[in-house]
Every structure is written in structure tokens, then in C-alpha cells.
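S.K.:
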Amino acid sequence: MTQPAPSSPDSGDDCLVVGGGLIGMLTARELAREGWRVRILERGEAGAESSWAGGGILSPLYPWRAPEPVTRLAIWSQRHYRALAEQLHAESGIDPEWYDTGMLLLDSGEGNRARYWGRDHGVRVELPDAERVAELEPALGARPRDAVWMPEVANIRNPRLVRALRGSLAHLGVPLHEQTPVTGWLRSEGRIEGVETERGRFEAGCVILAGGAWSGDLLAGTGIGAEIRPVRGQMVVFRMSPGRVRRVLLRHDHYIIPRRDGHVLAGSTLEEAGFDKTTTEEAGRQLVRMATDLVPALGNAPVERHWAGLRPGSPEGVPLIGPHPELAGLYLNTGHYRNGVVMGPASARLLTDLLMGWPTRLEPTAYRPTAAGERKD
Ligand SMILES: Cc1cc2nc3c(=O)[nH]c(=O)nc-3n(C[C@H](O)[C@H](O)[C@H](O)COP(=O)(O)OP(=O)(O)OC[C@H]3O[C@@H](n4cnc5c(N)ncnc54)[C@H](O)[C@@H]3O)c2cc1C
Numbered sequence: 012m013t014q015p016a017p018s019s020p021d022s023g024d025d026c027l028v029v030g031g032g033l034i035g036m037l038t039a040r041e042l043a044r045e046g047w048r049v050r051i052l053e054r055g056e057a058g059a060e061s062s063w064a065g066g067g068i069l070s071p072l073y074p075w076r077a078p079e080p081v082t083r084l085a086i087w088s089q090r091h092y093r094a095l096a097e098q099l100h101a102e103s104g105i106d107p108e109w110y111d112t113g114m115l116l117l118d119s120g121e122g123n124r125a126r127y128w129g130r131d132h133g134v135r136v137e138l139p140d141a142e143r144v145a146e147l148e149p150a151l152g153a154r155p156r157d158a159v160w161m162p163e164v165a166n167i168r169n170p171r172l173v174r175a176l177r178g179s180l181a182h183l184g185v186p187l188h189e190q191t192p193v194t195g196w197l198r199s200e201g202r203i204e205g206v207e208t209e210r211g212r213f214e215a216g217c218v219i220l221a222g223g224a225w226s227g228d229l230l231a232g233t234g235i236g237a238e239i240r241p242v243r244g245q246m247v248v249f250r251m252s253p254g255r256v257r258r259v260l261l262r263h264d265h266y267i268i269p270r271r272d273g274h275v276l277a278g279s280t281l282e283e284a285g286f287d288k289t290t291t292e293e294a295g296r297q298l299v300r301m302a303t304d305l306v307p308a309l310g311n312a313p314v315e316r317h318w319a320g321l322r323p324g325s326p327e328g329v330p331l332i333g334p335h336p337e338l339a340g341l342y343l344n345t346g347h348y349r350n351g352v353v354m355g356p357a358s359a360r361l362l363t364d365l366l367m368g369w370p371t372r373l374e375p376t377a378y379r380p381t382a383a384g385e386r387k388d
């Protein structure tokens with residue numbers, strides 16, 4: 012792995028990060044903490060796309076269904092999230108509100124599979140009876156046929172998380188250029204030496220692409236078929252008093268997420284709609300119906316907002332993390348699909364380890380970007 016020359020007072024940046032979402036900001040933060048000079052280039056406002064729009068559940072939805080590479084990143088991050096939230100709070104003055112609600116999965120019919128998965132991965136998974144379910148979540152409407160309880164799953168208030176990250180980056184002295192769309196690569200003899208933007212050129216020892224759903228467009232013409240595509244997700248949020256809903260609840264692929272201040276999110280849709288972020292009345296109605304079926308008291312709660320975001324979809328939801336297979340100096344950290352909030356810290360750590368040339372804390376092979384048409388090993 013080639014490592015950029017260490018910073019000296021008059022040298023350029025060690026690395027540019029393209030995209031100021033959660034993934035780009037977490038990666039820049041890790042590198043800055045290792046002493047690298049890093050700069051983020053963001054097309055619009057940092058943290059305003061998928062990372063703002065997401066739900067912030069710190070787990071894949073049915074973890075036993077997730078591919079192993081997703082599980083590995085999720086579990087690593089879960090073990091570090093609480094401390095990360097505390098550090099970000101201290102550095103920025105903004106509390107990202109890590110909230111240990113647990114996750115109660117209803118009517119999956121997969122209790123045994125869940126239990127074995129939990130045993131094999133060292134994650135607590137319980138199969139509560141009806142009485143225990145009612146105790147865990149008194150706000151539930153109909154009794155579920157079966158339930159899986161994962162007490163260690165937390166959620167985080169992702170809009171606050173991205174604001175806290177911005178504060179942390181300012182604290183670390185990482186420049187963040189907003190309203191600066193990257194339009195092309197600066198190439199020299201098979202090497203990427205920087206980027207073209209609408210505000211001029213930036214050069215650096217390396218470039219990290221963390222452009223979320225837009226990464227595929229940026230990769231077009233670099234010789235790899237990243238297969239990153241936007242997948243729209245719509246959500247609504249209700250206003251309730253704190254503590255009325257206690258747990259992350261999941262049934263038939265839809266979920267409810269309580270925040271500490273009483274807000275309750277309900278999501279989400281999975282739609283192939285290109286880069287269109289408009290919301291639809293039909294999806295709004297469906298989400299409200301699903302939520303009130305699960306928790307009848309939500310029927311009396313006002314819906315405060317309805318929005319849509321674009322997940323960076325990738326084959327099987329496994330992100331691409333590592334060096335571009337053909338262009339030296341270009342690195343990827345993208346394609347986190349439905350699990351970018353939970354996988355983010357581990358992805359940032361893995362790419363940082365790779366860039367530092369250290370033994371990696373996570374096995375990198377499954378995430379390695381490959382040349383067009385090749386399968387990952
Ligand atoms: C409805 C919904 C619910 C979700 N729920 C969860 C959940 O509960 N748990 C979970 O773990 N994950 C969840 N996710 C997924 C998670 O939000 C994403 O995987 C994650 O936010 C991706 O982060 P990112 O930084 O890659 O992308 P983004 O946040 O989209 O950031 C990419 C950034 O790159 C910038 N960019 C793009 N092109 C350029 C360019 N040319 N030049 C400069 N900048 C550029 C964009 O403006 C953007 O700011 C959810 C997503 C949605 C939409």
C-alpha cells in the first residue's frame with residue numbers, strides 16, 4: 012500500500028475526501044486523528060443527504076439475514092458506538108443521543124435462526140413470551156405471534172450525529188468545503204493526484220471517494236463497475252411525549268424508532284426511483300398505517316414531517332472499501348446501502364488502517380474494489 016508522504020508545513024494535503032456524508036466525515040476524522048492533513052469536498056451541505064435521512068438503527072434490520080461482511084462491520088461498530096458518541100459530544104458540544112432501546116422483532120417466524128446467529132456471533136438474542144413482550148413494550152397493539160428480543164441494539168439520532176461530526180472536524184482543524192461539487196479526476200500516468208471541482212483544482216497525495224448514492228457517477232470512466240445505485244427510502248416522524256414508545260420495533264420489514272425526546276420515526280420504503288427524492292402521498296399513508304397498527308397510540312400523534320433519502324445501494328449491501336484496482340492514489344469508501352450508520356465507524360477504521368499501511372483490525376478482502384466484471388473473492 013502506498014502511503015502519502017507525511018505532512019510538512021509547506022506540503023499539500025495528504026488526502027482529499029469527496030463527499031461530506033457520514034462515511035466521508037468519519038473517514039476524515041479517523042485520518043485526522045492519525046495526524047494526516049485531510050480536506051473534505053462536499054457538493055452541497057455536509058451530512059444533508061442519506062446520512063441525515065436515515066433512521067439511525069445501530070443494527071441491520073434482521074441481522075441473521077445480512078451477509079457476513081456486513082455483520083462484521085456492524086458488530087465492530089456496535090462495540091465502539093457509545094464511546095464514539097461520547098467523544099463527539101465532548102468535541103462538539105452536540106449530543107448525538109445514542110439511545111439503548113434494544114430492538115424487538117415481531118412476527119418474523121425466524122426465532123431459532125436468530126438464536127443460533129446470536130450464539131455464533133456473541134450477540135444477545137432472546138425469544139420472549141407474550142407476557143415479556145408486553146412488559147418490554149407496553150405500547151404495542153396486537154399481540155405478535157412470535158418475537159425476537161435483541162437487548163444490546165441501540166439507535167442514534169443521525170441528524171445530530173452528522174452535526175456533532177461537523178463540530179468534531181472543526182475541532183480537529185479539518186477543512187470542509189461545501190457547495191464544491193467534484194466534477195472530475197486529476198490523472199497522471201495511471202495515478203490520481205487530485206480532483207477538478209466547480210471551484211477549481213485540489214491536489215493531494217490520495218483521494219477517497221465517499222460520494223454515497225452518487226459514487227457510481229463519479230466512478231464512471233475509471234474502469235470499474237462499482238454498481239452503486241440510489242435506492243429511495245421514505246420516512247415519517249410523529250411527535251409524542253418521551254417514553255411512550257420504548258423500543259425499536261420491527262415487523263414485516265417496517266420499523267418504528269423512538270428518540271429520547273419522544274419523537275417516533277416510522278420507516279421505510281425501498282424504491283428504485285433514480286435520483287428523485289420526492290415523497291409520495293401513498294407511501295406516507297402506508298407508513299402511518301403500519302405505525303399505527305403496531306402502536307395504536309400513534310393514531311393520536313401528529314405527523315411532523317415526511318421525507319425521502321437516497322441510500323447508496325450496492326450488490327448485497329456490502330460496501331466497497333479500499334484502493335481502486337487500477338488507479339493508484341484513489342480509494343473508495345462507499346455503497347453502504349441500508350446500513351451506513353451502523354457500519355460507518357468500522358468502515359472508516361478499516362480504510363484508515365489500509366492507508367496507514369498497518370495490519371488492519373478488520374479483514375479487508377470482502378470489501379476490496381475489483382476491476383469491472385470481476386467478482387470479489
Ligand atoms: C430512509 C433511510 C433509512 C435508513 N436507516 C438506516 C438505519 O436505520 N441504520 C443504518 O445504519 N443506516 C440507515 N440508512 C442508510 C444510511 O443512511 C446510509 O447508508 C449512509 O448514510 C450512507 O452515508 P454516505 O456518507 O455514504 O452517503 P450520504 O450521506 O448520501 O453522503 C454522500 C455525500 O456525497 C456528496 N456528493 C455526492 N456527489 C458529490 C460530488 N460530485 N462532489 C462532492 N460531493 C458529492 C453528497 O452531496 C453527500 O453529502 C438509511 C437510509 C435511508 C435513506
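If you read the sequence shown in this note's numbering, its first letter stands for residue 12, the second for the next number, and so on. Glycine included, every Cβ here is placed at the ideal spot set by N, Cα and C. All values derive from a computational prediction rather than experimental measurement.
Can you give me the start and stop residues for the beta strand (DSSP E) that VAL247 sits inside?
M.R.: In the sequence shown, residue 247 corresponds to position 236, counting from 1. Here the beta strand (DSSP E) through VAL247 covers 240 to 249.
S.K.: Within a Cβ cutoff of 7 Å, which residues of the same chain sit near GLU45, ignoring the five residues on either side of it in sequence?
M.R.: Counted from its first residue, the sequence shown places residue 45 at position 34. So the list reads THR363 and MET367, once near-sequence residues are dropped.
S.K.: Does the separation of the CB atoms of GLY328 and MET246 fall below 9 Å?
M.R.: Position 317 of the sequence shown, counted from the first residue, corresponds to residue 328. Position 235 of the sequence shown, counted from the first residue, corresponds to residue 246. Contact: no.
S.K.: So, with DSSP's three-state summary, where would you put ASP304?
M.R.: Position 293 of the sequence shown holds residue 304. In this structure, ASP304 counts as helix in the three-state DSSP scheme.
S.K.: Please state whether DSSP places TRP47 in a helix, a strand or coil.
M.R.: Residue numbering aside, residue 47 sits at position 36 when the sequence shown is read from its first letter. DSSP places TRP47 in coil when its eight states are reduced to three.
S.K.: Contact between the stretch 238 to 253 and the stretch 271 to 286 is defined here as three or more beta-carbon pairs at a separation below 8 Å; is this criterion met?
M.R.: Yes: the two stretches touch, three or more of their Cβ pairs being nearer than 8 Å.
S.K.: In the DSSP assignment, what residue or residues form a beta bridge with VAL256?
M.R.: Residue mapping note: residue 256 aligns to position 245 of the sequence shown, counting from 1. Beta-bridge pairing links VAL256 to no other residue.
S.K.: How long is the line joining the alpha carbons of ARG126 and ALA357, rounded to whole angstroms?
M.R.: Along the sequence shown, read from residue 1 onward, the residue named residue 126 stands at position 115. Along the sequence shown, read from residue 1 onward, the residue named residue 357 stands at position 346. Roughly 24 Å separates the two Cα atoms.
S.K.: Tell me, which residues are paired with GLU137 by DSSP?
M.R.: Looking up residue 137 in the sequence shown gives position 126. DSSP lists TRP160 as partners of GLU137.
S.K.: Near GLU163, which residues of its chain fall below 6 Å by C-beta distance, leaving aside the five closest residues on each side in sequence?
M.R.: Locating residue 163 in the sequence shown gives position 152, counting from the first residue. Around GLU163: ARG135.
S.K.: Grouping DSSP H, G and I as helix and E and B as strand, with all else coil, what is ASP118?
M.R.: In the sequence shown, the residue the question calls residue 118 occupies position 107. Here ASP118 sits in coil by DSSP.
S.K.: Within its chain, find whatever has a CB closer than 7 Å to the CB of THR194; leave out the 5 residues flanking it on each side and keep chain order.
M.R.: As a first step, residue 194 is located in the sequence shown; it is residue number 183 there, counting from the start. Result list for THR194: GLU207, THR208 and GLU209, in chain order.
S.K.: Taking only the alpha-carbon atoms, compute the straight-line gap between ILE68 and TYR378 and give it to the nearest angstrom.
M.R.: Here the question's residue 68 lines up with position 57 in the sequence shown. Here the question's residue 378 lines up with position 367 in the sequence shown. Near 22 Å, if we compare the C-alpha coordinates of TYR378 and ILE68.
S.K.: Between SER179 and ligand 1, is there a pair consisting of the residue's CB and a ligand heavy atom that are separated by less than 8 Å?
M.R.: Reading the sequence shown from its first residue, position 168 is the one you call residue 179. It does not: the Cβ of SER179 is nowhere closer than 8 Å to a heavy atom of ligand 1.
S.K.: Considering PRO269, what are the terminal residues of the beta strand (DSSP E) in which it resides?
M.R.: Indexing the sequence shown from 1 puts residue 269 at position 258. Start and end: 265 to 269.
S.K.: With a threshold of 8 Å (Cβ to nearest heavy atom), would PRO170 be considered close to ligand 1?
M.R.: For the purposes of this step, residue 170 is taken as the residue at position 159 of the sequence shown. Not so, every heavy atom of ligand 1 lies at least 8 Å from the Cβ.
S.K.: Name the DSSP bridge partner or partners of GLU213?
M.R.: The residue you call residue 213 lines up with position 202 of the sequence shown. Residue 213 is actually Phe in this sequence, not Glu. Answer by DSSP bridge pairing, in chain order: VAL206.
S.K.: Enumerate, from N- to C-terminal direction, the unbroken beta strand (DSSP E) stretches of 3 or more residues contained entirely within the stretch 325 to 365.
M.R.: 331 to 334 and 341 to 345, all fully within the stretch 325 to 365.
S.K.: Could you check whether the Cβ of HIS347 sits closer than 8 Å to any heavy atom belonging to ligand 1?
M.R.: Counting from 1 along the sequence shown, the entry for residue 347 is found at position 336. Answer for HIS347: yes, Cβ within range of ligand 1.
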